[in-house]
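Asker: The structure follows.
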């Protein structure tokens with residue numbers, strides 16, 4: 105089963121770390137807040153690393169209801 109990725113817009117500060125780490129998975133909107141473009145655009149490990157590198161911990165990653173990050 106694929107990963108479920110969500111972003112807490114209230115926590116996101118728009119650092120762009122996720123976009124740098126996993127381009128195609130994440131992007132920044134016009135307010136410089138991250139959003140998910142395509143979870144399958146990068147390998148799972150890359151998505152998990154991007155979430156771990158979020159300075160505000162705004163990114164959550166789940167699989168089958170279990171939180172991975």
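Numbering (our numbering), first residue to last: 105 to 173.
Ideal Cβ positions, reconstructed from N, Cα and C, are used throughout, including at glycine.
#1: Let me make sure I understand the geometry here. Which of 118, 139, 135 and 171 has the alpha-carbon closest to that of residue 128?
#2: Throw me the rounded Cβ distance for the residue 155 and residue 165 pair, which I believe falls under 8 Å.
#3: Whose CA, out of 124, 119 and 137, lies closest to the CA of residue 111?
#4: Please confirm whether residue 157 and residue 121 have their CB atoms less than 7 Å apart.
#5: Do you know offhand how far residue 153's Cα is from residue 125's?
Answerer: Taking the structure as given:
#1: Within the chain shown, numbered from 1, the residue matching residue 128 stands at position 24. Ranking the options by Cα distance to residue 128, first place goes to 139.
#2: Sequence index remark: in the chain shown, residue 155 carries index 51 (1-based). Sequence index remark: in the chain shown, residue 165 carries index 61 (1-based). The pair is a contact, with the Cβ atoms about 5 Å apart (cut-off 8 Å).
#3: The residue given as residue 111 occupies position 7 in the chain shown. The option with the nearest alpha carbon to residue 111 is 137.
#4: Locating residue 157 in the chain shown gives position 53, counting from the first residue. Locating residue 121 in the chain shown gives position 17, counting from the first residue. In this structure, residue 121 lies closer than 7 Å to residue 157 by Cβ.
#5: If you number the chain shown from 1, residue 153 lands on position 49. If you number the chain shown from 1, residue 125 lands on position 21. So the alpha carbons of these two residues sit roughly 7 Å apart.
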